[in-house]
Amino acid sequence: MEGSGEHPIHPAIAPLSFLLGKWRGQGQGGFPTINSFSYGEELHFSHSGKPVIAYAQKTWKLSSGEPMHAESGYWRPKSDGTIEVVIAQSTGLVEVQKGTYDADQKVIKLQSELVGNASKVKEIARVFELKDEGLSYEVQMATNLTKLEPHLNALLKKL
Numbered sequence: 001m002e003g004s005g006e007h008p009i010h011p012a013i014a015p016l017s018f019l020l021g022k023w024r025g026q027g028q029g030g031f032p033t034i035n036s037f038s039y040g041e042e043l044h045f046s047h048s049g050k051p052v053i054a055y056a057q058k059t060w061k062l063s064s065g066e067p068m069h070a071e072s073g074y075w076r077p078k079s080d081g082t083i084e085v086v087i088a089q090s091t092g093l094v095e096v097q098k099g100t101y102d103a104d105q106k107v108i109k110l111q112s113e114l115v116g117n118a119s120k121v122k123e124i125a126r127v128f129e130l131k132d133e134g135l136s137y138e139v140q141m142a143t144n145l146t147k148l149e150p151h152l153n154a155l156l157k158k159l
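For the record, in the sequence shown the residue sitting at position 97 is 97 according to UniProt numbering, with numbers rising by one throughout.
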């Protein structure tokens, strides 16, 4: 059964079941300290029948297809509308995030409690929202030189 993807959806993740599956699209990045850039991206949300959603993300350069960033983790929604998320990035940075979700509006808001192993990054906030056009997200970041500033945004379509 492992790997077949035929697990029944756990009641705890049912409110976020709209995320499940693969999403692909394009994003834009920027920050006061770097040049702006565009990228291709794929997100994969899956579950094993447990009260947790597995999350995997990868990005690539649009021009060459060369891999850029990757991260993965786990999303743990609670019945009271709160959510805990842990993310490990390919750069070695880790995030412990807490937030809220609105199952009716299909919005998830996350704020870092801890950013570990990062020399410059102090804080990360993420907002995911299901819209008519697809799944959109925004990432904001604060460093030792900046306050919370927009860093990434993307629009992804379900595959």
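Where is the CB? At the ideal position from N, CA and C, for every residue including glycine.
Test item: CB-CB of residue i and residue j under 8 Å
| i | j | result |
| --- | --- | --- |
| ILE87 | GLU113 | no |
| GLY134 | LYS106 | no |
| GLY40 | TRP60 | yes |
| ALA154 | LEU148 | no |
| LEU93 | ALA56 | no |
| PRO67 | HIS10 | no |
| ILE108 | VAL115 | no |
| PRO69 | HIS7 | Looking at the sequence itself, residue 69 is His, so the reference to Pro does not match. No, they are not a contact pair. |
| LEU130 | GLY25 | no |
| GLN111 | GLN89 | no |
Of the residues the options, the one placed nearest residue i, counting alpha carbons only
| i | options | result |
| --- | --- | --- |
| GLY73 | LEU62, SER63, ILE53 and THR59 | ILE53 |
| LEU145 | LYS120, TYR137 and GLY99 | LYS120 |
| LEU20 | LYS122, LEU155, PHE45 and GLN26 | PHE45 |
| SER79 | ILE13, ILE34, GLU6 and LEU110 | ILE13 |
| LEU152 | THR100, LYS98, TRP75 and PHE37 | PHE37 |
| ASP102 | PRO77, THR91 and LYS122 | PRO77 |
| LEU43 | LYS22, VAL85 and PHE18 | LYS22 |
| THR100 | THR91, SER17 and PHE128 | PHE128 |
Collapsed DSSP secondary structure at residue i in the structure displayed
| i | result |
| --- | --- |
| HIS10 | coil |
Checklist line | Uninterrupted beta strand (DSSP E) stretches inside the UniProt domain "THAP4-like heme-binding" (13–158) (no shorter than 3 residues) | finding: 21–31, 34–46, 53–60, 67–77, 82–89, 94–102, 107–116, 121–131, 134–143 and 149–158
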